[in-house]
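So the sequence lines, in the order shown, correspond to chains U and H.
Residue numbering for the first sequence follows numbering that gives the first Met the number 0, starting at 0 and increasing by one per position.
Residue numbering for the second sequence follows numbering that gives the first Met the number 0, starting at 0 and increasing by one per position.
This report concerns only the one structure given below.
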Amino acid sequence: MSSFHGNKVNPTRMHKSQFKFYLFLISLSAFMILPIIFMFSQSLKPIGELFLYPPRFFVENPTFKNFYDLFNVTSVTVIPMTRFLFNSIVVTGSVVFLSITISAMAGFALSKLEFKWKKVLFEANIIALMFVSAAVTIPRYFVVDTLGLTDNLLGHIIPVLAMPVGLFLIKQFVDQIPNEIIQSASIDGATNFTIFRKIVVPVIMPAMATVSILAFQMAWNNTETSEIYMNKETLRTFAFYMTTLTGNLENKVAGQGIAAAAALIMFVPNLIIFIFMQSRVIDTMAHSGIK
Amino acid sequence: MLLKRIRRRRESFTGYLFVFPWIIGFLLFMAYPIYFSLNMSFHKVLITSEGIQKDFLGWDNFKYAFLSDPKYVEELLVFIKSVVFMIPIVVVFAMLVALLINQPIRFKGLFRAIFFLPVVITSGEVVKELFAQGATTISIVERYGIIQFIEANLSPSWSEPIIAIIQQLIVILWYSGVQILIFLAGLQKVNSQIYEAASIDGASPWEIFWKITLPSIKPFILVNIIYTTVDLFTNSLNDVIILIKEHMFKINTGFGYATAQAWIYFMIIFVILLFVVVIFGRNEDYNPRKAGR
Numbered sequence: 000m001s002s003f004h005g006n007k008v009n010p011t012r013m014h015k016s017q018f019k020f021y022l023f024l025i026s027l028s029a030f031m032i033l034p035i036i037f038m039f040s041q042s043l044k045p046i047g048e049l050f051l052y053p054p055r056f057f058v059e060n061p062t063f064k065n066f067y068d069l070f071n072v073t074s075v076t077v078i079p080m081t082r083f084l085f086n087s088i089v090v091t092g093s094v095v096f097l098s099i100t101i102s103a104m105a106g107f108a109l110s111k112l113e114f115k116w117k118k119v120l121f122e123a124n125i126i127a128l129m130f131v132s133a134a135v136t137i138p139r140y141f142v143v144d145t146l147g148l149t150d151n152l153l154g155h156i157i158p159v160l161a162m163p164v165g166l167f168l169i170k171q172f173v174d175q176i177p178n179e180i181i182q183s184a185s186i187d188g189a190t191n192f193t194i195f196r197k198i199v200v201p202v203i204m205p206a207m208a209t210v211s212i213l214a215f216q217m218a219w220n221n222t223e224t225s226e227i228y229m230n231k232e233t234l235r236t237f238a239f240y241m242t243t244l245t246g247n248l249e250n251k252v253a254g255q256g257i258a259a260a261a262a263l264i265m266f267v268p269n270l271i272i273f274i275f276m277q278s279r280v281i282d283t284m285a286h287s288g289i290k
Numbered sequence: 000m001l002l003k004r005i006r007r008r009r010e011s012f013t014g015y016l017f018v019f020p021w022i023i024g025f026l027l028f029m030a031y032p033i034y035f036s037l038n039m040s041f042h043k044v045l046i047t048s049e050g051i052q053k054d055f056l057g058w059d060n061f062k063y064a065f066l067s068d069p070k071y072v073e074e075l076l077v078f079i080k081s082v083v084f085m086i087p088i089v090v091v092f093a094m095l096v097a098l099l100i101n102q103p104i105r106f107k108g109l110f111r112a113i114f115f116l117p118v119v120i121t122s123g124e125v126v127k128e129l130f131a132q133g134a135t136t137i138s139i140v141e142r143y144g145i146i147q148f149i150e151a152n153l154s155p156s157w158s159e160p161i162i163a164i165i166q167q168l169i170v171i172l173w174y175s176g177v178q179i180l181i182f183l184a185g186l187q188k189v190n191s192q193i194y195e196a197a198s199i200d201g202a203s204p205w206e207i208f209w210k211i212t213l214p215s216i217k218p219f220i221l222v223n224i225i226y227t228t229v230d231l232f233t234n235s236l237n238d239v240i241i242l243i244k245e246h247m248f249k250i251n252t253g254f255g256y257a258t259a260q261a262w263i264y265f266m267i268i269f270v271i272l273l274f275v276v277v278i279f280g281r282n283e284d285y286n287p288r289k290a291g292r
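Set out below in structure tokens:
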């Protein structure tokens with residue numbers, strides 16, 4: 000514990016005593032990356048290797064044939080693939096932005112403002128967090144139907160905006176902001192909106208980045224809303240399109256390769272968003288005002 | 000007095016204003032459907048083309064789940080056993096990794112990213128795809144002959160628990176991404192001057208961990224236990240949820256019975272969390288200054 004470097008995150012050089020940390024961390028890291036390597040390697044395997052027994056982890060003769068096949072399959076469908084992609088981008092973008100805004104606002108109010116029902120609301124949120132979402136699929140359909148959100152792009156967005164995990168995580172982070180900071184700001188004449196925008200949001204950035212990663216995944220990978228609420232083919236999302244595509248081909252031998260390629264294409268945006276948001280988590284964690 | 004009351008009223012008004020959008024979404028898409036499902040769990044529900052038919056059954060769905068269903072109770076018990084075992088391991092593991100990453104080492108950001116990475120794998124379609132393609136945790140280990148290696152070199156009484164831990168380890172790793180991040184945020188809040196002062200006073204790293212680090216991240220431990228419990232229980236790939244989904248569209252049992260199962264399941268999670276909060280939540284406002292004496 001003798002080598003603390005104040006606020007510098009990384010020490011300037013490696014020390015022998017840290018070797019054991021690296022050994023531990025690097026060996027564990029290998030396991031974390033394994034599934035991702037597997038996805039890439041699987042999508043590059045030629046048919047022969049996909050059905051090899053015993054199966055191999057790494058690809059031996061990488062080929063882009065699976066992607067080429069996938070492209071061929073998608074180019075013959077009536078509705079162009081870009082339509083589904085457009086739907087998914089609009090839906091995912093709105094869900095991420097709106098659900099974070101809603102969670103952050105609610106999290107701030109439930110943590111720092113005084114009003115009668117706040118405890119009950121937070122407990123209700125925890126209960127919703129615990130509830131198995133499959134059990135509410137059908138009742139939720141009736142609500143969506145009554146509101147006229149079926150066959151409407153908003154039907155992908157509005158039902159998932161109140162995200163219990165998001166509120167839970169953000170509220171826990173707002174709790175850690177000392178009340179004195181907020182009080183002194185309000186004595187200086189800051190309104191609650193200013194406090195929220197200028198103090199709370201910058202400090203809870205790491206939590207918001209985390210929640211945005213979770214929200215992105217939930218929205219991008221969501222096939223349920225397309226399946227249940229949308230009858231019009233043109234309103235369905237990319238994720239749903241990919242599952243139907245591979246679902247139809249599953250029994251065919253060639254389908255396996257296409258499925259692996261499709262899975263990778265579905266996964267890559269997750270990875271990109273992750274890398275992008277992850278850096279925000281790091282930046283803000285180190286410089287946030289709470290100590 | 001009056002001024003104070005006006006200010007308080009204004010604060011509660013802005014409070015409601017801030018939560019309002021969330022309340023709307025919550026009531027429509029969470030609270031009402033949950034209430035609706037509770038109502039259905041006491042009915043025999045048939046979904047026909049004209050709408051839904053409901054016949055009141057009382058507690059019959061619940062009785063059936065416990066007394067007649069061949070699989071439900073059994074699956075439930077197996078699952079609860081494994082989860083109760085996994086929660087402490089996930090939390091302790093996440094804390095360990097967070098402590099390591101919080102050390103003054105190089106490539107901190109990289110390690111943090113890598114350990115958070117499984118979050119993009121374990122949720123949603125990706126993991127389903129991974130399972131479908133045979134990238135299940137166990138087969139990866141088996142493919143490399145690690146298990147055979149352990150079996151060949153150790154007696155069964157040693158190799159069995161080690162293999163069990165290895166097989167669980169990957170799952171544990173995959174499910175601890177968010178928890179590691181939460182712990183890291185907590186650790187970074189601890190003022191490094193406290194550590195310096197303690198080490199000058201001659202405290203060993205061990206004492207520093209128990210008396211400074213642990214008390215100051217205690218609220219985060221509770222958050223992580225709750226998060227882990229919920230994460231493991233509501234994962235759409237677990238056996239109980241798959242069972243519930245199966246029953247949803249069976250004609251002889253139907254949606255009513257599936258919701259009854261979901262409610263039993265929910266009550267169990269609720270009891271476990273209540274237990275956790277009672278044990279760990281008691282002295283949440285622990286004062287770290289007291290720990291230094």
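Don't be surprised by glycine CBs; every beta carbon is placed ideally from N, CA and C.
Keep in mind the model is a prediction, meaning the values are calculated, not measured.
query	result
Just the chain H side, please: which residues come within less than 9 Å of Gln277(U) by C-beta, in chain order?	Gly108, Arg111, Ala112, Phe115, Leu116
What did DSSP end up calling Lys210(H) once you bin it into helix, strand or coil?	helix
Using Cβ-Cβ distances below 9 Å, what residues of the stretch 163 to 179 of chain U are close to chain H?	Pro163, Val164, Leu166, Phe167, Leu168, Gln171, Phe172, Asp174, Gln175
At which residues does the alpha helix (DSSP H) containing Asn308(U) begin and terminate?	The displayed coordinates of chain U run from 0 to 290. Any statement about residue 308(U) would go beyond what the structure contains.
Under the assumption that Ser154(H) contacts Ala93(H) (Cβ atoms under 8 Å), give the Cβ distance between them as a whole number of angstroms.	Rounded, the Cβ-Cβ distance is 32 Å, inconsistent with contact.
Ser185(U): which of Ile198(U), Asp68(U), Gly106(U) sits nearest, CA to CA?	Ile198(U)
When DSSP labels each residue in this structure, what does Val295(H) get in the three-state scheme?	In the structure displayed, chain H extends from 0 to 292; residue 295(H) sits before or after that span and is not available.
List, in chain order, every chain H residue whose beta-carbon is nearer than 8 Å to that of Glu113(U).	Arg7, Glu10, Ser11, Gly14
At what residue ranges does the stretch 230 to 271 of chain H contain a whole run of the alpha helix (DSSP H), taking only runs of 4 or more?	238 to 247
Can you tell me the Cβ-Cβ gap for Leu99(H) and Leu24(U), rounded? I've got them flagged as a contact below 8 Å.	6 Å
If Gly254(U) sits next to Thr245(U), beta carbons under 8 Å apart, how far is it from one beta carbon to the other, in whole angstroms?	7 Å
If the cut is a Cβ gap below 7 Å, which residues of chain U does Ser81(H) touch?	Within 7 Å Cβ-Cβ: nothing; Ser81(H) doesn't reach chain U, min ~17 Å.
I'd like to check one pair, Leu120(U) with Val222(H): are the Cβ atoms closer than 9 Å?	no
Using a Cβ cut-off of 9 Å, pull out every chain H residue sitting near Asn71(U), in sequence order please.	Near Asn71(U) there are no residues of chain H at all, since even the closest Cβ is about 21 Å away, more than 9 Å.
In angstroms with no decimal places, state the Cα-to-Cα distance between Met247(H) and Leu128(U).	21 Å
Using the DSSP secondary-structure output, state which residues sit across from Gln52(H) in a beta bridge.	Leu45(H)
Residues of chain U with a CB under 9 Å from the CB of Pro20(H): which are they?	Leu97, Thr100, Ile101, Met104, Ala105, Leu160, Ala161
Using Cβ-Cβ distances below 9 Å, what residues of the stretch 246 to 274 of chain H are close to chain U?	Met247, Phe254, Ala257, Thr258, Gln260, Ala261, Trp262, Tyr264, Phe265, Ile268, Phe269, Leu272
Start and end of the alpha helix (DSSP H) containing Asn151(U)?	No alpha helix (DSSP H) contains Asn151(U), which DSSP labels as neither H nor E.
Any Cβ of chain H within less than 9 Å of the Cβ of Asn124(U)?	yes
Measure how close the beta-carbons of Ala123(U) and Ala30(H) come, nearest whole angstrom, since I'm counting them as under 8 Å.	7 Å
Closer than 6 Å by C-beta to Pro103(H): which residues in its own chain qualify, once you throw out the five before and the five after it? Chain order, please.	none
What did DSSP end up calling Glu226(U) once you bin it into helix, strand or coil?	helix
On the criterion of 16 or more Cβ atoms from any shown chain inside 10 Å, does Trp205(H) qualify as buried, or is it exposed?	exposed
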